[in-house]
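**Student:** Below is one structure. I have some questions about it.
There are 2 protein chains.
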Amino acid sequence: MAITIYDIAKEVKTSAVTVSLALRNSKRVSLVTRNRINDTAKRLGYQPNPLARGLIGGRTKTIAFVFNFPSEHFAHDLSYMELFHSISLVASSHDYKLFVHSSTVAKPVEEVFADVTPYGVDGIILGTNITTDNDRKSLEKAPIPTVLLGRDFCASNTSCLVYGGCEGAQASVRHLVELGHKRIAFAGKNRMEASMRRYDGYARSMRKAGLEINDDLIIESDWDIAAGEIAGVKLARLANRPTAILATTDMMALGVMAGLKEEGLDVPKDVSVIGFDNLHISRYSIPSLTSVDLQRKLIADNAMECLLDMLKEDGGGVRREVPSSLVVRNSTACCCD
Amino acid sequence: MAITIYDIAKEVKTSAVTVSLALRNSKRVSLVTRNRINDTAKRLGYQPNPLARGLIGGRTKTIAFVFNFPSEHFAHDLSYMELFHSISLVASSHDYKLFVHSSTVAKPVEEVFADVTPYGVDGIILGTNITTDNDRKSLEKAPIPTVLLGRDFCASNTSCLVYGGCEGAQASVRHLVELGHKRIAFAGKNRMEASMRRYDGYARSMRKAGLEINDDLIIESDWDIAAGEIAGVKLARLANRPTAILATTDMMALGVMAGLKEEGLDVPKDVSVIGFDNLHISRYSIPSLTSVDLQRKLIADNAMECLLDMLKEDGGGVRREVPSSLVVRNSTACCCD
DNA sequence: AAACATGATCTAACCGATTAACTAAATGGA
DNA sequence: TCCATTTAGTTAATCGGTTAGATCATGTTT
Chain A
2 MAITIYDIAK EVKTSAVTVS LALRNSKRVS LVTRNRINDT AKRLGYQPNP
52 LARGLIGGRT KTIAFVFNFP SEHFAHDLSY MELFHSISLV ASSHDYKLFV
102 HSSTVAKPVE EVFADVTPYG VDGIILGTNI TTDNDRKSLE KAPIPTVLLG
152 RDFCASNTSC LVYGGCEGAQ ASVRHLVELG HKRIAFAGKN RMEASMRRYD
202 GYARSMRKAG LEINDDLIIE SDWDIAAGEI AGVKLARLAN RPTAILATTD
252 MMALGVMAGL KEEGLDVPKD VSVIGFDNLH ISRYSIPSLT SVDLQRKLIA
302 DNAMECLLDM LKEDGGGVRR EVPSSLVVRN STACCCD
Chain B
2 MAITIYDIAK EVKTSAVTVS LALRNSKRVS LVTRNRINDT AKRLGYQPNP
52 LARGLIGGRT KTIAFVFNFP SEHFAHDLSY MELFHSISLV ASSHDYKLFV
102 HSSTVAKPVE EVFADVTPYG VDGIILGTNI TTDNDRKSLE KAPIPTVLLG
152 RDFCASNTSC LVYGGCEGAQ ASVRHLVELG HKRIAFAGKN RMEASMRRYD
202 GYARSMRKAG LEINDDLIIE SDWDIAAGEI AGVKLARLAN RPTAILATTD
252 MMALGVMAGL KEEGLDVPKD VSVIGFDNLH ISRYSIPSLT SVDLQRKLIA
302 DNAMECLLDM LKEDGGGVRR EVPSSLVVRN STACCCD
């Protein structure tokens, strides 16, 4: 069917090993034959067989992207989708193929490794939650280079990308305080690492501004649009309702805006809303959403870079921070109280 | 590292071939040894190596999902994203792994085959445009089972799924006519097959209702949210502006609504808007969007089924239609003219 | 009892690449 | 001139499976 190194060997009248070496530019083959081999390889349209390479333990030019959708609604969360999109483009620009491994429930890291390594992938970009000690233990002896997205944990074979945590939330609160807001709610607190980081930033900035953190204004919930809607309604009905709401994701913020609207409140006249993610659609919501841009392209670039670094020289995992920036649009305005 | 059939053979004191046969439940191995082998395989936690299987031409339990993003904005089109999500879940529920192959530019089908087959995938779900005769020729001699999404073309090894075309548009126009609309615009006409089908349905229903098709009301454009915004502004500024707009996608419809809003028009009081896709977020837009539901889960299920059918018995490709249904929300209302 | 079919297992070859180890020729220094 | 080194290439073994064909006890037929 496809052209193999044997076909080339026959054509050039040499052995398959010489072809194999020549194609990888080994100096053990003379320049003359090397050129001859490379030329005929090109002429015949030779494509190395990644399965054969993978079988023997070589590089397959394949990386796995692993992620999961915690809840039914989250399933449609654009953030992961846009991230996936960026990663798929970056991977293909580096001539890597993407192996996708998604599930509804986050699997233990050990299982992920077991699922993915038989396919001979060169590395893993892991977008799932790392929660248990077992997960951390598995990551410490990761069989192949692994990059963690949004989790702060490094090891000899695992790098991590930290982004959009504290500083993003701090910038948001700062922005709201500058607009004169005092009663600022936080919607979407939960046990996820990213949520905790965002809450931390919120709490820290509130304290710094001398504002009190009112328990009524902290909504514990998932991150999806439906939870946002519920949160919006809940906050709108409070006797002493907030003048601004910091939502943990854009999807959540969109839901919050829908909930506020249902209760007859206007954004941003009555309440200001800020999201997290800066999804593409957030520019087009009504009103357009002020949001913390996580810079997904930058994240994808960094993830790929980390992976390639680890594949080149095994210098161990690295921790990188990807900066985020607040994009101000029409969902935030001066406090009229 | 991992357990192989040789490990099992040693344990059971038999040959690797017997193990290989037994694990695939061949009757050439006696039931006694077969059970013994299967038991120890389970006990040792044996996992077949898909690379080795693929190398020899067997099944790898892997399918490729190929799609592309025609334009910068379309890149963030949720429709493909949600479709991808459904497919990834369906695949993993059938114990298949997904191999993703996305690019900015749609590659010729022949190239797709060349790119993907070396990885030993069992089948392909193709979400790119089939435009040239060369593409059709390539599909006719598809080397592995292929399912086309939204393109109407069958062959011995390629099935197709047709959905959300004519009927969806017809249902939309019917709905608008019932609400008393007469000046109905169509936004997002272009050379894509799906667009043509949708336009066909629109034109047919307009004629059936005795309404004239006014060239001013047909907007030729891409399908993204930015193009929608432009279309919305354009239509709003017409001297004799439409009372209803049929957009070819939800993203487009969201853009149209933003454009109308910019021009001071209210949806649905001044203009009704209908989209295509029924994205998850369309329920949460303001106002919530009336849209043709393409039923992505059904599409994903059908794609997988088609593929599995072709893999079982090679009975040739099949054409399947996936029904779509109009979901009426708040972006459509009675015509007040 | 010779001839033949049957069932259960094993041996050998292969898929397409890679690595280790080995051979033969050319170069070079003393 | 002889031994050591470099250069260019080879053969053999391996990765983890699969398939075709050989082998060899049984059981059945005549």
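So the protein lines, in turn, are chains A and B. Quick note, in the numbering used here, the first sequence goes up one by one and the last residue is 338. Quick note, in the numbering used here, the second sequence goes up one by one and the last residue is 338. Backbone N, C-alpha and C fix where the C-beta goes; we use that ideal spot for every residue, glycine too. Computed from a prediction, not measured in an experiment: that's the story for all the values here.
Thinking just about the alpha-carbon of each residue, which of A:Ile57, A:Glu322, A:Ser286, A:Met252 is nearest to the one in Val268 of chain A?
**Tutor:** For the residues A:Ile57, A:Glu322, A:Ser286, A:Met252, the minimum Cα distance to Val268 of chain A belongs to A:Ser286.
**Student:** In the DSSP output, what is Lys62 of chain B paired with across the bridge?
**Tutor:** According to DSSP, which records beta bridges pairwise, Lys62 of chain B is partnered with nothing at all.
**Student:** Does Asp294 of chain B come out as helix, strand or coil in the three-state DSSP assignment?
**Tutor:** Three-state DSSP puts Asp294 of chain B in a strand.
**Student:** Please identify the residue among B:Arg35, B:Leu79, B:Lys190, B:Met258 whose C-alpha is closest to the C-alpha of Asn69 of chain B.
**Tutor:** Checked all of B:Arg35, B:Leu79, B:Lys190, B:Met258; the closest Cα to Asn69 of chain B is B:Leu79.
**Student:** Going straight from the alpha carbon of Thr249 of chain A to that of Gly260 of chain A, what length do you get?
**Tutor:** Each residue's Cα considered, the two are about 16 Å apart.
**Student:** Does Thr333 of chain A come within less than 8 Å of chain B when only Cβ atoms are used?
**Tutor:** No, Thr333 of chain A lies away from the interface with chain B (no Cβ there is under 8 Å from its Cβ).
**Student:** By DSSP, does Cys307 of chain B sit in helix, in strand, or in coil?
**Tutor:** Three-state DSSP puts Cys307 of chain B in a helix.
**Student:** Exposed or buried, what is Tyr164 of chain B when buried is set at 16 or more other beta-carbons lying within 10 Å of its beta-carbon?
**Tutor:** By the neighbour-count rule (16 or more Cβ atoms within 10 Å), Tyr164 of chain B is buried.
**Student:** What is the rounded straight-line gap between the Cα of Glu263 of chain A and the Cα of Val234 of chain A?
**Tutor:** Looking at the two C-alpha atoms, the distance is approximately 7 Å.
**Student:** Which first and last residues belong to the alpha helix (DSSP H) in which Phe85 of chain B is found?
**Tutor:** Its alpha helix (DSSP H) spans residues 79-94.
**Student:** Is the beta carbon of Ser222 of chain B closer than 8 Å to that of Gly189 of chain B?
**Tutor:** Taking 8 Å as the Cβ cut-off, Gly189 of chain B and Ser222 of chain B qualify as a contacting pair.
**Student:** Which stretch, first to last residue, makes up the alpha helix (DSSP H) that contains Leu255 of chain A?
**Tutor:** Counting along the chain, the alpha helix (DSSP H) containing Leu255 of chain A begins and ends at 251-263.
**Student:** May I ask you to report which of helix, strand or coil DSSP gives Ser139 of chain A?
**Tutor:** Ser139 of chain A falls in the helix class under three-state DSSP.
**Student:** If we ignore side chains and look at the alpha-carbon of each, how far apart do Glu230 of chain B and Ala237 of chain A end up?
**Tutor:** For Glu230 of chain B and Ala237 of chain A, the distance between alpha carbons rounds to 31 Å.
**Student:** Would you check if the distance between the CB atom of Ile9 of chain A and the CB atom of Ala304 of chain A is smaller than 8 Å?
**Tutor:** Taking 8 Å as the Cβ cut-off, Ile9 of chain A and Ala304 of chain A do not qualify as a contacting pair.
**Student:** Check distances from the C-beta atoms of the stretch 80-106 of chain B to those of chain A and list, in chain order, the residues that come in under 8 Å.
**Tutor:** Residues passing the 8 Å Cβ filter: Met82, Glu83, Phe85, His86, Ser89, Leu90, Ser93, Lys98, Leu99, Phe100, Val101, His102, Ser103, Ser104, Thr105.
**Student:** Using the C-alpha atoms, what's the distance from Ile219 of chain B back to Val148 of chain A?
**Tutor:** Distance between the alpha carbons of Val148 of chain A and Ile219 of chain B: 48 Å.
**Student:** Kindly indicate which three-state DSSP category His182 of chain A falls into: helix, strand or coil?
**Tutor:** Coil, per DSSP.
**Student:** Should Leu56 of chain A be flagged as near chain B, meaning a C-beta pair shorter than 8 Å?
**Tutor:** Yes, because at least one Cβ of chain B sits closer than 8 Å to the Cβ of Leu56 of chain A.
**Student:** Whole angstroms is fine: what's the gap from Gly181 of chain A's alpha carbon to Val323 of chain A's?
**Tutor:** Answer to the nearest angstrom: the Cα atoms are 29 Å apart.
**Student:** On the criterion of 16 or more Cβ atoms from any shown chain inside 10 Å, does Gly166 of chain A qualify as buried, or is it exposed?
**Tutor:** That one is buried.
**Student:** Taking Cβ positions, are Cys307 of chain B and Arg321 of chain B nearer each other than 8 Å?
**Tutor:** In this structure, Arg321 of chain B lies closer than 8 Å to Cys307 of chain B by Cβ.
**Student:** Do Thr41 of chain A and Glu12 of chain A come within 8 Å of each other at the CB atom, strictly closer than that value?
**Tutor:** Going by C-beta atoms, Glu12 of chain A is nearer than 8 Å to Thr41 of chain A.
**Student:** Does the stretch 22-31 of chain B come close enough to the stretch 200-210 of chain A to have 3 or more Cβ pairs within less than 8 Å?
**Tutor:** No, because fewer than three Cβ pairs between the stretch 22-31 of chain B and the stretch 200-210 of chain A fall closer than 8 Å, the two stretches do not touch.
**Student:** If we count the other Cβ atoms within 10 Å of its Cβ and call it buried at 16 or more, is Lys28 of chain B buried or exposed?
**Tutor:** Answer is exposed; the Cβ neighbour count stays below 16.
**Student:** Output yes if chain B places a C-beta closer than 8 Å to the C-beta of Gly165 of chain A; else output no.
**Tutor:** For Gly165 of chain A, the answer is no, since every Cβ of chain B falls outside 8 Å of its Cβ.
**Student:** Starting from Pro256 of chain A, find everything on chain B with Cβ-Cβ shorter than 9 Å and list it in chain order.
**Tutor:** Note that residue 256 of chain A is Gly in the sequence shown here, rather than Pro. Those within 9 Å of Gly256 of chain A in chain B are Tyr285.
**Student:** Please return the same chain residues whose Cβ sits closer than 8 Å to the Cβ of Val257 of chain A, not counting the five positions on each side in sequence.
**Tutor:** Contacts found: Ala188, Gly229, Glu230, Ala232, Gly233, Leu236, Ile246, Ala248, Val274.
**Student:** Pull up the distance between the alpha-carbon of Val174 of chain B and that of Arg184 of chain A, whole angstroms please.
**Tutor:** Looking at the two C-alpha atoms, the distance is approximately 47 Å.
**Student:** In whole angstroms, what separates the C-alpha of Asp153 of chain A from that of Arg198 of chain A?
**Tutor:** When rounded, the distance between both Cα atoms is 10 Å.
**Student:** Step through the CB atoms of chain B and report whether any lies within less than 8 Å of the CB of Pro119 of chain A.
**Tutor:** Output row for Pro119 of chain A: interface = yes.
**Student:** Tell me whether the beta-carbon of Gly58 of chain A lies closer than 8 Å to the beta-carbon of Ser157 of chain A.
**Tutor:** Cβ distance not < 8 Å, so Gly58 of chain A and Ser157 of chain A don't count as in contact.
**Student:** How would you label Ser16 of chain A, buried or exposed, when you count the other beta carbons within 10 angstroms and need 16 or more for buried?
**Tutor:** Label assigned to Ser16 of chain A: exposed.
**Student:** For Asn50 of chain A, return the contacting residues in chain B, with the cut-off set at a CB-CB distance below 8 Å.
**Tutor:** What Asn50 of chain A touches in chain B: Leu56, Pro119.
**Student:** So which residues of chain B does Ile226 of chain A contact, with C-beta pairs closer than 9 Å?
**Tutor:** What Ile226 of chain A touches in chain B: His281, Ile282, Arg284, Tyr285.
**Student:** Could you compute how far the alpha carbon of Ala240 of chain A sits from the alpha carbon of Leu327 of chain B?
**Tutor:** So the two alpha carbons sit approximately 40 Å from each other.
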